[in-house]
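Chains A and B supply the protein sequences, listed in that same order.
Number 336 marks the last residue of the first sequence (our numbering); no jumps.
Number 341 marks the last residue of the second sequence (our numbering); no jumps.
We treat Cβ as the ideally placed atom computed from N, Cα and C, and that holds for glycine.
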Amino acid sequence: MNELTFTEATHQALSKAMAEDPTIFVVGEGIGARGGNFETTAGLYEKYGPLRLCDTPICERGFIGMCTGAAMTGTRPVVDFMFLDFILDGLGELINQTSKIQYMSSGRIRMPIVLRGCIGIGHSAATHHSGSYYPIFTHIPGFRVVLPSNPSDAKGLFTTSLQSDDPVLFLEHRELLNSRGHVPTEDYQIPFGKAAVARNGTDATIVALSIMVNRVLDIAEDLSLEGVSLEVIDPRTVAPLDVDTILNSVKKTGRLLIVDETFMPCGIGSEIAAHITEYGLDELDAPIKRLNGAHIPTPYSPVLEQAVIPNKNSITEAIKNLIAE
Amino acid sequence: MTSTRNKFELYQTLYRTMAMIRAVEERLARSFMAGLIHGACHTYIGEEAIATGVCACLTEDDSIFSTHRGHGHALAKGVPPNKIIAELYGRETGISNGRGGSMHLFAPEIGLMGTSGIVGPCILQATGAGYSSKLMNTGAVGVAFFGDGAVGNGAFHEGLNLAAIFDLPVLFVCENNLYATEVPFSYASRNTNIASRASNYGIPGIQVDGNDVLAVQAASSEAISRARTGEGPTLIEAKTYRTRPHAEGMSPTGVYRSEKELEMWKTKDPIPRFRDVIISDRIMTEKDLDQIDADVRSVVDTADKEASASPWPDKKTVAKYVYKESK
Numbered sequence: 012m013n014e015l016t017f018t019e020a021t022h023q024a025l026s027k028a029m030a031e032d033p034t035i036f037v038v039g040e041g042i043g044a045r046g047g048n049f050e051t052t053a054g055l056y057e058k059y060g061p062l063r064l065c066d067t068p069i070c071e072r073g074f075i076g077m078c079t080g081a082a083m084t085g086t087r088p089v090v091d092f093m094f095l096d097f098i099l100d101g102l103g104e105l106i107n108q109t110s111k112i113q114y115m116s117s118g119r120i121r122m123p124i125v126l127r128g129c130i131g132i133g134h135s136a137a138t139h140h141s142g143s144y145y146p147i148f149t150h151i152p153g154f155r156v157v158l159p160s161n162p163s164d165a166k167g168l169f170t171t172s173l174q175s176d177d178p179v180l181f182l183e184h185r186e187l188l189n190s191r192g193h194v195p196t197e198d199y200q201i202p203f204g205k206a207a208v209a210r211n212g213t214d215a216t217i218v219a220l221s222i223m224v225n226r227v228l229d230i231a232e233d234l235s236l237e238g239v240s241l242e243v244i245d246p247r248t249v250a251p252l253d254v255d256t257i258l259n260s261v262k263k264t265g266r267l268l269i270v271d272e273t274f275m276p277c278g279i280g281s282e283i284a285a286h287i288t289e290y291g292l293d294e295l296d297a298p299i300k301r302l303n304g305a306h307i308p309t310p311y312s313p314v315l316e317q318a319v320i321p322n323k324n325s326i327t328e329a330i331k332n333l334i335a336e
Numbered sequence: 015m016t017s018t019r020n021k022f023e024l025y026q027t028l029y030r031t032m033a034m035i036r037a038v039e040e041r042l043a044r045s046f047m048a049g050l051i052h053g054a055c056h057t058y059i060g061e062e063a064i065a066t067g068v069c070a071c072l073t074e075d076d077s078i079f080s081t082h083r084g085h086g087h088a089l090a091k092g093v094p095p096n097k098i099i100a101e102l103y104g105r106e107t108g109i110s111n112g113r114g115g116s117m118h119l120f121a122p123e124i125g126l127m128g129t130s131g132i133v134g135p136c137i138l139q140a141t142g143a144g145y146s147s148k149l150m151n152t153g154a155v156g157v158a159f160f161g162d163g164a165v166g167n168g169a170f171h172e173g174l175n176l177a178a179i180f181d182l183p184v185l186f187v188c189e190n191n192l193y194a195t196e197v198p199f200s201y202a203s204r205n206t207n208i209a210s211r212a213s214n215y216g217i218p219g220i221q222v223d224g225n226d227v228l229a230v231q232a233a234s235s236e237a238i239s240r241a242r243t244g245e246g247p248t249l250i251e252a253k254t255y256r257t258r259p260h261a262e263g264m265s266p267t268g269v270y271r272s273e274k275e276l277e278m279w280k281t282k283d284p285i286p287r288f289r290d291v292i293i294s295d296r297i298m299t300e301k302d303l304d305q306i307d308a309d310v311r312s313v314v315d316t317a318d319k320e321a322s323a324s325p326w327p328d329k330k331t332v333a334k335y336v337y338k339e340s341k
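Here's what the structure looks like:
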């Protein structure tokens, strides 16, 4: 067990996978000799050279389409896209091609491609470097959508992603990249579709996504001093989404709040709420609540930026209101 | 020098493939009218020489990425006609098990990596096939077929640029049939010489008569040799014309092109042209060629009967193949 940053943990997984599988290659802007904007590929270029650490021009649609074709023909590309906002230029490739080719080819072609990079609000990055957009990909059949919240999960989920034959979006909250945590030194995988119960409790279930898991865990600790017992669930992947773990928790607590930094309409919280209403209405002692980031483009000024994200006060208030229902 | 025997075999293969594409497409056009085809059907009639000439230079390890007008590419790459006809009839025995239809024909076992309903992505995917080949050092070539309509699309620019800077073994084959659906290329571009754009990317660009199968075959052969020896991609512009409408059920002429133009291009039909060459070069006789035509018609008749009698897909399997795990 080592204490590593989130980025060091995924680097460990990538480095090992590249050593074992010569078909894995990484593409992106500045991921070669530079080692990646976020040091995601630091030192790998020296080991594996320019074909496996392939710097590209700024043409996201082009290299996503190219990597889709590469995945179709026997190699395993990793697209290191820096910010998820950047690959929206390749959305047509992703939705019309990458996600559908396994189906269209009746399973004879596999799509082992990983698209990894940042999501999330922070650093006054403003609205072209703060997007999360995962509900869009979750809506589309064919994708795996991974949202790790800590370094240990990041390593296990990235290892699984690198061995997946389905297209994976591995989405790393920018404000988590330098967060530290204990990471097992050995090789391990965390399966997709298995939520983590990040904290056990009895009074209410809080489902939190990505960075919000950490924020909610801190608040749960504070509230425990006031005698409030919260169960915190980290789905870890939203496609597939482990609704069973959430439903089982709601059976115990009778109350559910979903905390998600990104937009509320047609979001993951909407999906969870609909599912629990459909299959667990009798278990509920209060209406299901959602707390999301504001449904507006992300502003630049730190004051405005903070105003759009669920924070300690708004989350605490939402939890207290839920308990009081 | 090509020996006489090799020349005979090559010409026979080229002629038979073109005749097969023509016969399948004519059958599909009739089937469309009869209501046997459930979705769109874009025929390749008039353009047979291009797929035939290019694919004659490929092996099963080479990958092709095709278009909405892709039956000819599939046949030239070696997909049996019954598998294509059954797919268009929506049957389980179709090449994509009824999941694709005309615009999503896949046979990865022999390097057909899909026809497509979206213009442009095939250029990028063929570039990716070139990347796989280079990374794994397999010697395989990626080939993109696309129309003049793709040339104004960003995928053309991004794909050619990526293939060029990485020296990838890729052949870009632009089938310039002068119209993107019904929009003239002369309207859609200030520079109607597509091959000339290759110089923007520092790669060779070659213009060929796309209705001359030997010219297409010769240009492709050279470009593919270059690709296989690490000399990078080539853009081939094959000038041609589709003599049927954009899609079956539409009009072959109209505000976008005249009857006169259509009739003029029919005189350049690649199949009679090649027939004349074969006969005048004394490679085969008229009788030999008639025999090939009759064989092909018989194969297509049988294929059509088989396809019509094939079972429908099982509804219970509809969710199969979305993910690997669901297999």
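For the structure I just gave you, are there three or more beta carbon pairs, one from the stretch 111-118 of chain B and one from the stretch 24-38 of chain A, closer than 8 Å?
The count of Cβ pairs closer than 8 Å, one atom from the stretch 111-118 of chain B and one from the stretch 24-38 of chain A, stays below three, leaving the stretches out of contact.
Interface partners of residue 104 (chain A) on chain B, CB under 8 Å
135, 138, listed in chain order.
Min CB distance residue 210 (chain A) to chain B below 7 Å
Judged by the 7 Å Cβ criterion, residue 210 (chain A) is not in contact with chain B.
Taking a contact to mean a Cβ-Cβ separation below 7 Å, would you say residue 59 (chain B) touches residue 258 (chain B) in this structure?
In this structure, residue 59 (chain B) lies near residue 258 (chain B), with their beta-carbon atoms less than 7 Å apart.
Spell out whether any CB of chain B is found under 7 Å from the CB atom of residue 260 (chain A).
Closer than 7 Å: no.
Would you call the CB atoms of residue 217 (chain A) and residue 179 (chain A) closer than 7 Å?
Not a contact, by the Cβ cut-off of 7 Å.
Taking only beta-carbon atoms, is residue 129 (chain A) less than 7 Å away from chain B?
Chain B, which has no Cβ nearer than 7 Å to the Cβ of residue 129 (chain A), makes this no.
State the Cα-Cα distance for the pair residue 50 (chain B) and residue 119 (chain B), rounded to the nearest angstrom.
Distance between the alpha carbons of residue 50 (chain B) and residue 119 (chain B): 17 Å.
Find the residues of chain B that neighbour residue 148 (chain A), judging by a C-beta separation of less than 8 Å, and give them in chain order.
Those within 8 Å of residue 148 (chain A) in chain B number zero; the least Cβ separation is about 14 Å.
Expressed to the nearest angstrom, what Euclidean distance is found between the alpha-carbon atoms of residue 271 (chain A) and residue 302 (chain A)?
In this structure, the straight-line span from the alpha carbon of residue 271 (chain A) to that of residue 302 (chain A) is close to 6 Å.
Closer than 7 Å, CB to CB, is residue 341 (chain B) near chain A or not?
Unreliable positioning characterises residue 341 (chain B) in this predicted model, as indicated by a pLDDT of 39, which lies under 50. The coordinate reading is nonetheless provided below. Judged by the 7 Å Cβ criterion, residue 341 (chain B) is in contact with chain A.
Report yes if the C-beta distance between residue 116 (chain A) and residue 131 (chain A) is below 7 Å; otherwise report no.
The Cβ atoms of residue 116 (chain A) and residue 131 (chain A) lie no closer than 7 Å to each other.
Pull up the distance between the alpha-carbon of residue 299 (chain B) and that of residue 33 (chain B), whole angstroms please.
Approximately 16 Å, taken between the alpha carbons.
Contact belief for residue 156 (chain B) with residue 183 (chain B) at Cβ below 8 Å, rounded distance in angstroms:
Contact between residue 156 (chain B) and residue 183 (chain B) holds, since their C-beta atoms are separated by about 7 Å, short of 8 Å.
Chain B residues whose Cβ lies nearer than 8 Å to that of residue 271 (chain A):
Here the premise fails: no neighbours, minimum Cβ distance about 24 Å.
So, do the stretch 222-240 of chain A and the stretch 318-327 of chain A have three or more beta carbon pairs nearer to each other than 8 Å?
Contact between the stretch 222-240 of chain A and the stretch 318-327 of chain A is present: three or more C-beta pairs spanning the two stretches fall below 8 Å.
In chain order, what residues of the same chain lie with their CB nearer than 7 Å to the CB of residue 307 (chain A), ignoring the 5 residues before and after it?
Cβ within range, chain order: 319.
Using a cut-off of 8 Å between C-beta atoms, extract the partners of residue 336 (chain B) located in chain A.
Here the neighbours are 113, 114, 152, 153.
Going by C-alpha to C-alpha distance, which of A:245, A:34, A:248 sits closest to residue 123 (chain A)?
The residue with the shortest Cα to Cα distance from residue 123 (chain A) is A:34.
Grouping DSSP H, G and I as helix and E and B as strand, with all else coil, what is residue 2 (chain A)?
Only positions 12 to 336 of chain A appear in the structure, and residue 2 (chain A) is not among them; the question remains open.
With H, G and I counted as helix, E and B as strand and the rest as coil, what does DSSP make of residue 50 (chain A)?
The answer is coil: DSSP assigns residue 50 (chain A) none of H, G, I, E or B.
Are there three or more Cβ pairs, one per stretch, closer than 8 Å when the stretch 188-196 of chain B is compared with the stretch 157-170 of chain B?
Yes, they touch.
Could you confirm whether any beta carbon from chain A is found closer than 7 Å to the beta carbon of residue 256 (chain B)?
By this cut-off, residue 256 (chain B) is not an interface position.
Distance cutoff 7 Å, beta carbons only. Does residue 124 (chain B) sit that close to anything in chain A?
So, not an interface residue.
Residue 70 (chain B) versus residue 95 (chain B) - alpha carbon distance
Our two residues, residue 70 (chain B) and residue 95 (chain B), have alpha carbons roughly 17 Å apart in a direct line.
List the residues of chain A that residue 127 (chain B) touches, going by C-beta distances under 9 Å, in chain order.
Going along chain A in sequence order, the residues near residue 127 (chain B) (Cβ under 9 Å) are 80, 83, 84, 112, 116, 120.
Step through the CB atoms of chain A and report whether any lies within less than 7 Å of the CB of residue 287 (chain B).
By this cut-off, residue 287 (chain B) is not an interface position.
Looking at C-alpha atoms only, which residue of A:290, A:295, A:173, A:189 is the closest neighbour of residue 31 (chain A)?
Taking only the C-alpha atoms, the option nearest residue 31 (chain A) is A:173.
Put residue 13 (chain A) into one of helix, strand or coil per three-state DSSP.
Here residue 13 (chain A) sits in strand by DSSP.
Mind checking whether residue 140 (chain B) and residue 79 (chain B) have CB atoms under 7 Å apart?
Pairing residue 140 (chain B) with residue 79 (chain B) gives a Cβ-Cβ distance under 7 Å.
If you follow the beta strand (DSSP E) that residue 269 (chain A) is part of, which residue opens it and which one closes it?
267-271 is the span of the beta strand (DSSP E), which, as asked, contains residue 269 (chain A).
Taking the CB atoms as reference points, tell me whether residue 98 (chain B) and residue 85 (chain B) lie closer together than 7 Å.
In terms of Cβ geometry, residue 98 (chain B) and residue 85 (chain B) form a close pair [threshold 7 Å].
For residue 223 (chain B), the first and last residue of its enclosing beta strand (DSSP E):
DSSP places residue 223 (chain B) in the uninterrupted beta strand (DSSP E) bounded by 219-223.
Using the C-alpha atoms, what's the distance from residue 156 (chain A) back to residue 18 (chain B)?
Those two C-alpha atoms are separated by around 59 Å.
Does the contact criterion of 3 or more C-beta pairs under 8 Å hold for the stretch 101-109 of chain A versus the stretch 51-65 of chain A?
Fewer than three pairs of CB atoms, one per stretch, sit closer than 8 Å, so the stretch 101-109 of chain A makes no contact with the stretch 51-65 of chain A.
At least one CB of chain A closer than 7 Å to the CB of residue 296 (chain B): is that the case?
Judged by the 7 Å Cβ criterion, residue 296 (chain B) is not in contact with chain A.
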